């Protein structure tokens, strides 16, 4: 399953373990309609151990008794007729612990008036039963659908709906609609309870599993196919020919469930309505073939007689046939009328296809998607697995394919649906920022060669690659173009090379010196009169480049080639003259039998790349590109902007010059920055290498809508498609307008471009002359690229940029910068660097002081990972003791050094001239705070004075202190007046000695001696982590105590105050602290700041103590009056022999009890109330990391056991 929303880090999906079910629930869901198509998915997903907001307890409500196929879900099932007010009150008013309501059911009546009456009553019954009785209720989720935009079933085709694609801000239609009534009830009832939020979700045709659903398209079509197979009938499509050929959308039931959970737990999504579909488009003609293959049906398609098949008619006498299928195959005993919703299939497949827009959902943080073809297959498989349908062994033999409209499959190909990783906003990268002169990196990790740097995508690459947060960076960039460097390109930090790459000698002369190139971005082309000539010239240009650079660049690792959608439809000269593939186009379609210079370029690349071992490649196929370049051969935005400027100047209407089909049809576009990001992603992510990918913005639009925006941008009121006028081409309309353009240029002081340079009339005529084409993005998403753009906003932003660069005369608006969106830049599951994956060079070099400590050990594990920001990292690790066994797996250069010894520190650390980042995460404990200040100040100063003067590229010092900053030193706990929690970073220092203050002052003093070095201070609270050597490792201490109790058969008594047992407390996961410190090192927003850091949740020790007891198999545990006041130090003072026996018996690491038992620290922590720090500053600066403290506690216990520290 995929998870897609901000704030969630979690691992892969795991079923909820029985052992964890009793540990307490964070959230309690009430799923109303639990046997429905989405209710069933919610019942499966909510109880999973890593579902956000969890662990979840789930109540499930349905009218019927619980069916067999729903019994596996860990749900408390409540049979209740919610149309009965008394029954609803009696059964649901007792659910006082509910925190979230998921309302995913409805009742069908004959008229919309009756639908309104029935559904209103049901929803109001539920809300009025639960809201007043559930004190912790937080959110109500309501699922409706796209009838919101088209009206009720009875009025479809009789009223004028909104124009697609539908956006959530469209006004309601002026007709009765029970969806509107449900929304009004939601708003009314939620308003009765302060703090309750809501969300509305609008899916379309749902692919999912439920024999009880009123609108189960997948079950209905599968049952129809099973009957066709049984009777040897062809699988005729029960819909119109227009639906058969049109683009359609569907919504996977699991994806809907995920969106609803996201909206329930993410504040960005609350009190909003969202469309939801799989994110791709398909044609039923293609899915129909897949359905036929699933059931081994050879003949399928549209009826040969041209008549529309009605399933209601076709299936009306098939009850007996279905009964026989059920009996013969021992299926679940369902009646045909239960599993076949014929009227719904007839309705959906007989009406015009509709499309909704997903931009709002994406922009609020939900990036989920499904491959609709794979979704269909997976749900058919599930129907078979649950014995709703018969499983078939399918064997195909070749037979002649019918010459009519019936088709025949030749094979079955099932694709496995990929499990996707978690995605959150803060880990993707901050807003793009230009490299300031004083931020120039000390060295480059990658060197790019852009061929076509003044082109539409080349210009975007030249802007993006040098940015400080571009993956694979820092980047040095060479840019090649045929013309001299234009003014509008001069701001980009690129080494510009003017070179005609069609000239072999010139190419060799100018590019053979670029021996440091690591990545080639080929984003240019030349246009000739015929495709034969295009193949010849473009093949020559690309070969010239590759044959020049590949032999002389020893570190070359990747070649990126940009082609386009003509790969699937053929060259311009053959548009409409050859039979192209049927869209939406996928990357695995075979080449067309025609010359195509895109094919030539691919072949040249394959041939030349094969000559150098280790060089990878990628191919990128955008469609119409929205971007900036007055020099591009195919810059549609510049072209239509120039046209609009001329219309405005002449007072003429802005007539759309193209076909009615292009005006009304769906189209796609590709933002130039998005293409650049896609190409950079493919360069740096191994999952993307040696592959071809489609790329577009991820939404659909209509030119009729963007044309209105164009008119508004230029202040033209009269615009649109005009019969008899729109067929006059751009080329004809603009052929004598050069003087007009010159006048506009002069009047508005624009860049001095000729009209033929900025007006690609032939290209606009081509694009607007017929229907748009659509490519499929699933391969790109499944390989990890989740980038998107809102095409409308993209269109406006590029218009704005042209104004900025004086290309056209329009009104300036604010540009929205988009951030990076792909898996490799976010970090999937952590993976150790394999030996054969060692990086060619390091971008950053870390020095960890305290590498065997609780956070030092986490840093040593995380920094060397391949996807750690700022990397690849080389890591030095310093500790006083010799390297322990449990630390040896970390790829760290270990340095044993007593940093309290000035001479030894100088001797051993002054050699580390390549250090770029210092992580100071250690301390020494003395008898008094005065002594603590003295020894810790000395240690830190020794390090800084040894390293800062000799490390020319040092850029950041990270200092870890803690919550004692706010409450004072241990010796004064309870004796001085501390600040009132929750503590914020801007509180003044307390009066009195505190070695944390000393450390900060030492850092400020020493860092100030070197220009450009930044710092950060991190203040965690009680740390959950792994290190037997840490002075304050509470989990190891508690685990050792529990092991001794278990060994001696004594109860696990909580040794602390009743206040500590019952109060709310916080903890900081060691890995989270490490991530926080790395973030502060690499994100400029975090530099020269102090931050609190903890897991982000609250817990009580009474709850974690129960988990500790369960982990060690101790039944008797808890707070005991008269016993709990005996401290750990007292209780454990004579237990060394016992511990030695445990170590020996269980073959544990040979640690002394005083090494692993920090009794004084446990007594301190459990002796009084916990303290709470405030995380707002950290979040507001961009760090959104968190941990579930309960899970963190368990995971570190597991690690401590795995490393044989405790049994």
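Residue numbers (full-length UniProt numbering): 1 to 1207.
Cβ atoms here follow ideal geometry from the backbone N, Cα and C, with glycine treated the same way.
Quantities reported herein were computed from a predicted structural model and do not represent experimental measurements.
Sequence-distant partners of residue 918 (beyond 5 residues in either direction) whose C-beta falls short of 6 Å from its own C-beta, in its chain, are 847, 957. DSSP links residue 849 through a beta bridge to 878, 920. The shortest C-alpha to C-alpha distance from residue 91 to any of 100, 102, 77, 99 is the one to 77. In the DSSP assignment, residue 1098 falls outside any beta strand (DSSP E), carrying neither H nor E.
Leaving aside the five residues that flank residue 674 on each side, the residues in its chain whose CB is nearer than 6 Å to its CB run, in chain order, 787, 789.
Three or more Cβ pairs closer than 8 Å define a contact, and the segment 62-78 falls short of that threshold against the segment 223-230.
One thing to note: residue 1129 has its Cβ within 8 Å of the Cβ of residue 1159.
Residue 218 and residue 255 have their C-alpha atoms some 15 Å from each other. Counting along the chain, residue 678 sits inside the alpha helix (DSSP H) bounded by residues 672-684. Excluding five sequence positions before and after residue 253, the CB atoms of its chain that fall closer than 6 Å to its own CB belong to 37, 38, 41, 206, 208, given in chain order.
The C-beta separation of residue 512 from residue 552 comes to about 6 Å, placing the pair in contact by the 8 Å criterion. CA-CA distance, residue 910 to residue 945, rounds to 9 Å. Using a Cβ distance threshold of 8 Å, residue 82 and residue 140 do not count as a contacting pair.
Here residue 448 is bridged, per DSSP, to 477, 519. Using a Cβ distance threshold of 8 Å, residue 472 and residue 445 count as a contacting pair. Across the set 111, 192, 191, 204, the C-alpha of 204 shows the shortest separation from the C-alpha of residue 150.
Beta-bridge pairing by DSSP links residue 273 to 200.
Contact fails between the segment 292-303 and the segment 313-325, because fewer than three Cβ pairs, one in each stretch, are under 8 Å apart. Membership of residue 525 in any beta strand (DSSP E) is not indicated, and neither H nor E is assigned to it by DSSP. Beta-bridge partners of residue 31 (DSSP): 60, 102. Beyond the five residues adjoining it in sequence on each side, residue 500 comes within less than 7 Å, by CB distance, of 482, 506 in the same chain, given in chain order.
Here DSSP, grouped into helix, strand and coil, assigns residue 1084 to helix. Contact between residue 185 and residue 127 is confirmed by a C-beta separation of about 7 Å, below the 8 Å threshold.
Secondary structure at residue 1065: strand, using DSSP grouped into helix, strand and coil. Note that the C-beta distance between residue 569 and residue 773 is below 8 Å. Where residue 164 is concerned, there is no enclosing alpha helix (DSSP H), because DSSP gives it neither an H nor an E.
For residue 712, the closest of 740, 796, 781 by C-alpha to C-alpha distance is 796. For the alpha helix (DSSP H) assignment, the uninterrupted runs of no fewer than 4 residues enclosed by the segment 879-966 are, from N- to C-terminal side, 902-909, 929-947. Across the structure, residue 697 and residue 776 are spaced so that their CA atoms are roughly 11 Å apart. Assigned with DSSP and collapsed to three states, residue 1191 falls in helix. The criterion of a C-beta distance shorter than 8 Å is satisfied by residue 995 and residue 929.
Within 10 angstroms of the beta-carbon of residue 869 lie 16 or more other beta-carbons, which makes it buried. Between residue 447 and residue 518, the C-beta gap is smaller than 8 Å, which places the two residues in contact. Going by DSSP, residue 43 is part of the alpha helix (DSSP H) stretching over 37-45. Along the segment 749-794, the alpha helix (DSSP H) occurs as fully enclosed runs of 4 or more residues at 755-758, 761-767, 778-782, listed in sequence order. Assigned with DSSP and collapsed to three states, residue 381 falls in helix.
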